[in-house]
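*Asks:* Take this structure, written in structure tokens, and hold onto it; I'll ask about it next.
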Amino acid sequence: MTDMIDMTPDFGINENTSIIKVLGVGGGGSNAVQHMYLEGIKGVDYLICNTDQGHLDRNRVPKKLLLGTGLGAGARPEVARQYAIENKEKIAQFIGEGTQMLFVTAGMGKGTGTGASPIIAEVAKSMGILTIGVVTYPFDYEGEKRQKQAQKGIEEMAKNVDSLIIIKNQNILKYYQDEEIMNSYGYADDVLKNACKCIAEMITCDNYQNVDFNDVKTIMKDSGKAMLGIATASGEDRVQRVVDEALSCPLLDSSVIKNAENFLFFISFGPNAHFTGSELNEITTRLKELQSADAEIIHGMGVDETLNDAIKLSVIITKFDTAGAFVENKESIINEAAQNEDDIFVSNAPIGNDVIDGTEEDIQDIKNEPEEAAIEVAPEPEISFQPEPIMSTSTGPEKIFENIDSDDEWRRTVENPAFMTRMERMKNETSFQTETTVLHEETVSQPHSFFENLRGNDLNEFFSDIPD
2 MTDMIDMTPD FGINENTSII KVLGVGGGGS NAVQHMYLEG IKGVDYLICN TDQGHLDRNR
62 VPKKLLLGTG LGAGARPEVA RQYAIENKEK IAQFIGEGTQ MLFVTAGMGK GTGTGASPII
122 AEVAKSMGIL TIGVVTYPFD YEGEKRQKQA QKGIEEMAKN VDSLIIIKNQ NILKYYQDEE
182 IMNSYGYADD VLKNACKCIA EMITCDNYQN VDFNDVKTIM KDSGKAMLGI ATASGEDRVQ
242 RVVDEALSCP LLDSSVIKNA ENFLFFISFG PNAHFTGSEL NEITTRLKEL QSADAEIIHG
302 MGVDETLNDA IKLSVIITKF DTAGAFVENK ESIINEAAQN EDDIFVSNAP IGNDVIDGTE
362 EDIQDIKNEP EEAAIEVAPE PEISFQPEPI MSTSTGPEKI FENIDSDDEW RRTVENPAFM
422 TRMERMKNET SFQTETTVLH EETVSQPHSF FENLRGNDLN EFFSDIPD
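Using my numbering, the letters of the sequence shown correspond one by one to residues 2 to 469.
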């Protein structure tokens, strides 16, 4: 059963008239959208969706959709996923035909957000809507089981959005450790708020140089990864401060951005700001340092009466590099995030074939979840080298490297270039086989088991010259 909940006398599906909407899924996502709703950002419509009737009743966002019986999903993504699949038509009606851009936000790792948000994003994409996912990865204290469940949800979400922003909740504790905990959750919610505000204000401001929705779509559609920032400054050194603040957020770790292929920036200023050409030049010079040589650059400029003597910089940066060459697909981006676990990133092309598998693992019921921010981060480190399994007539596992005990030592060994070279030669000579499990997962998570499954002649000699 799916019910539409109307908290305002004149609410109806067809009255969702804003072209930009943000839809919170599950407890965490709905809380984040409520945070935005109470801020009163103009030009954005707010929607929430949940399987928990009680949580919907307590949320102050008026436009709501109940999936299922109202008793929650019991922290089981497959339950929420099925509710969403059964009600795709009502989800489409709830989103509304006039929607041009939809932010789908959810906390990953529990039931409703993990299971339903990928289906909701799929519906939005099928309607031709520019669909941006904003999701959280669980705190470390929530445990490995929940983090693995979150990773499955992230992979499913990535298949169904144009861009996917992932924020690691653990960074809240890392960067805001002296803040009261409920206040620090608000910083995470601000990432979603600022992303929506950035875009809404770009296309609705009284502009000298116009930026329209199609400009935003050019930058964000199938974007690979993205960073969105917004900042306001006045007084001395306002240009330096506005650029620094727009490009830096502790939860985004945006200081590593370089070689950006798509770049949109918008400068707005108050009627008493006396914004000068030299200040414009200083801003563009700073931003140019982040761009690739052939970057697509879209810019705009306009007056915002609310700013008085201040200036505001809004930026959308996509297809950027944080570790070397540009990463083009979601699998590579998620692997990169594993190596740079503090990053926020966005991704676009399909990832693998994993689906939420309907496991019956009992985790904490969704009704017990705290009022948490809707956002998140990355998986365990992965090895990118994945040779094809080759069958061998050899029998009996060889046990090698018996003097290596720690997992860190095993990782250093298998990540060594010499090891990779030897493995490639070994593969070509058809002298080993592996289990049908993915090699890089087996190597890192169970290294001893991985090596015991190698077959071949004189493996000790084969690996003997690999350096420490």
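Glycine is no exception: its CB is placed at the ideal position from the N, C-alpha and C atoms.
Alpha carbons only, please: which of I42, E40 and N32 is nearest the one belonging to D53?
*Replies:* Residue numbering aside, residue 53 sits at position 52 when the sequence shown is read from its first letter. If we check each option's Cα against that of D53, N32 comes out closest.
*Asks:* What did DSSP end up calling L291 once you bin it into helix, strand or coil?
*Replies:* For the purposes of this step, residue 291 is taken as residue 290 along the sequence shown, with counting starting at 1. Correct three-state label for L291: coil.
*Asks:* Within 10 Å of its beta-carbon, does M228 have 16 or more other beta-carbons around it, so buried, or fewer, so exposed?
*Replies:* Taking the first residue of the sequence shown as 1, we reach residue 228 at position 227. By the 10 Å Cβ count, M228 comes out buried.
*Asks:* How many Å lie between N60 and G154 at the Cα?
*Replies:* Residue numbering aside, residue 60 sits at position 59 when the sequence shown is read from its first letter. Residue numbering aside, residue 154 sits at position 153 when the sequence shown is read from its first letter. Cα to Cα, N60 sits roughly 24 Å from G154.
*Asks:* Straight-line CA distance for I182 to L174?
*Replies:* Stepping through the sequence shown from its first residue, residue 182 is reached at position 181. Stepping through the sequence shown from its first residue, residue 174 is reached at position 173. Their Cα atoms are separated by approximately 8 Å.
*Asks:* What distance in whole Å lies between the Cβ atoms of G44 and A201, which are believed to be in contact at a cut-off of 8 Å?
*Replies:* By 1-based counting over the sequence shown, the position of residue 201 is 200. By 1-based counting over the sequence shown, the position of residue 44 is 43. So it is a contact: roughly 4 Å between Cβ atoms.
*Asks:* If you count every other CB in all the chains shown that lies within 10 Å of the CB of P272, and 16 or more means buried, which is it?
*Replies:* Taking the first residue of the sequence shown as 1, we reach residue 272 at position 271. Burial call: exposed.
*Asks:* Can you grab the Cα-Cα spacing for the pair D223 / G73, in whole Å?
*Replies:* Within the sequence shown, the letter at position 222 stands for residue 223. Within the sequence shown, the letter at position 72 stands for residue 73. Cα to Cα, the separation comes out at about 33 Å.
*Asks:* Is the beta carbon of T106 less than 8 Å from the beta carbon of K22?
*Replies:* Counted from its first residue, the sequence shown places residue 106 at position 105. Counted from its first residue, the sequence shown places residue 22 at position 21. Result no, Cβ atoms of T106 and K22 do not sit closer than 8 Å.
*Asks:* Sorted by chain position, which residues of the same chain lie with C-beta nearer than 6 Å to H300's C-beta, five sequence neighbours on each side aside?
*Replies:* As a first step, residue 300 must be located in the sequence shown, where it is residue number 299. Excluding positions up to five away in sequence, the list reads F266.
*Asks:* Could you check the C-alpha separation between P78 and F214 for me, to the nearest Å?
*Replies:* Here the question's residue 78 lines up with position 77 in the sequence shown. Here the question's residue 214 lines up with position 213 in the sequence shown. Roughly 34 Å separates the two Cα atoms.
*Asks:* On the DSSP bridge assignment, give the partners of H300 in chain order.
*Replies:* Taking the sequence shown and counting its residues from 1, the one referred to as residue 300 is at position 299. H300 pairs with F266.
*Asks:* Helix, strand or coil: how does DSSP classify V162 here?
*Replies:* Here residue 162 is taken as the residue at index 161 of the sequence shown, counted from 1. Reduced to three states, the DSSP call for V162 is coil.
*Asks:* Give the single residue among Q35, T132 and A85 whose Cα lies nearest to the Cα of D191.
*Replies:* In the sequence shown, the residue the question calls residue 191 occupies position 190. For the residues Q35, T132 and A85, the minimum Cα distance to D191 belongs to Q35.
*Asks:* Per DSSP, what kind of secondary structure is Q148 in: helix, strand or coil?
*Replies:* Within the sequence shown, the letter at position 147 stands for residue 148. Three-state DSSP puts Q148 in a helix.
*Asks:* Between the segment 82-99 and the segment 112-126, do at least 3 Cβ pairs fall closer than 8 Å?
*Replies:* The segment 82-99 makes contact with the segment 112-126, as at least three CB pairs between them are under 8 Å.
*Asks:* With DSSP as the reference, please indicate the residues paired to S315 in a beta bridge.
*Replies:* Counting from 1 along the sequence shown, the entry for residue 315 is found at position 314. Beta-bridge pairing links S315 to I231 and F267.
*Asks:* Per DSSP, which residues does V23 bridge with? Please list them.
*Replies:* Mapped onto the sequence shown, residue 23 falls at position 22. Answer is Y47 and F104, bridged to V23.
*Asks:* Just how far apart, CA to CA, sit D343 and K218?
*Replies:* The sequence position of residue 343 within the sequence shown is 342, counting from 1. The sequence position of residue 218 within the sequence shown is 217, counting from 1. Because D343 sits at a pLDDT of 40, beneath the cut-off of 50, its placement in the model cannot be relied upon, and the point is left open.
*Asks:* DSSP beta-bridge partners for Y138?
*Replies:* Reading the sequence shown from its first residue, position 137 is the one you call residue 138. Looking at the DSSP assignment, Y138 forms a beta bridge with K169.
*Asks:* Could you give the distance in angstroms between the alpha-carbon of A234 and the alpha-carbon of Y176?
*Replies:* Taking the first residue of the sequence shown as position 1, residue 234 is located at position 233. Taking the first residue of the sequence shown as position 1, residue 176 is located at position 175. Between A234 and Y176, the C-alpha separation is close to 22 Å.
*Asks:* Got a sec, what are the start and stop residues for the alpha helix (DSSP H) I42 sits in?
*Replies:* Taking the sequence shown and counting its residues from 1, the one referred to as residue 42 is at position 41. First-last for I42: undefined, no H or E at that position.
*Asks:* Would you mind giving the Cβ-Cβ distance between G110 and G30, rounded to the nearest angstrom? I have them listed as a contact below 8 Å.
*Replies:* Here residue 110 corresponds to residue number 109 of the sequence shown, with the count starting at 1. Here residue 30 corresponds to residue number 29 of the sequence shown, with the count starting at 1. Not a contact, Cβ separation roughly 12 Å.
*Asks:* How big is the Cα-Cα spacing for K149 and N172?
*Replies:* Taking the sequence shown and counting its residues from 1, the one referred to as residue 149 is at position 148. Taking the sequence shown and counting its residues from 1, the one referred to as residue 172 is at position 171. Those two C-alpha atoms are separated by around 18 Å.
*Asks:* Check Q210 in the structure and name its three-state DSSP category.
*Replies:* Within the sequence shown, numbered from 1, the residue matching residue 210 stands at position 209. Q210: strand per DSSP, three-state reduction.
*Asks:* I need the DSSP call for I258, collapsed to helix, strand or coil.
*Replies:* By one-based count along the sequence shown, residue 258 stands at place 257. Reduced to three states, the DSSP call for I258 is coil.
*Asks:* What residues in its chain sit with their C-beta under 7 Å from that of I293, if we drop five residues either side in the sequence?
*Replies:* As a working note, residue 293 is residue 292 in the sequence shown. Checking the sequence, you will find Ser at residue 293 rather than Ile. So the qualifying residues of the chain are N260, A261 and E262.
*Asks:* So is E383 buried or exposed if we call it buried at 16+ other beta carbons inside 10 Å?
*Replies:* Stepping through the sequence shown from its first residue, residue 383 is reached at position 382. With a pLDDT of 41 at E383, under the threshold of 50, the modelled position of that residue is not reliable, and no figure is offered here.
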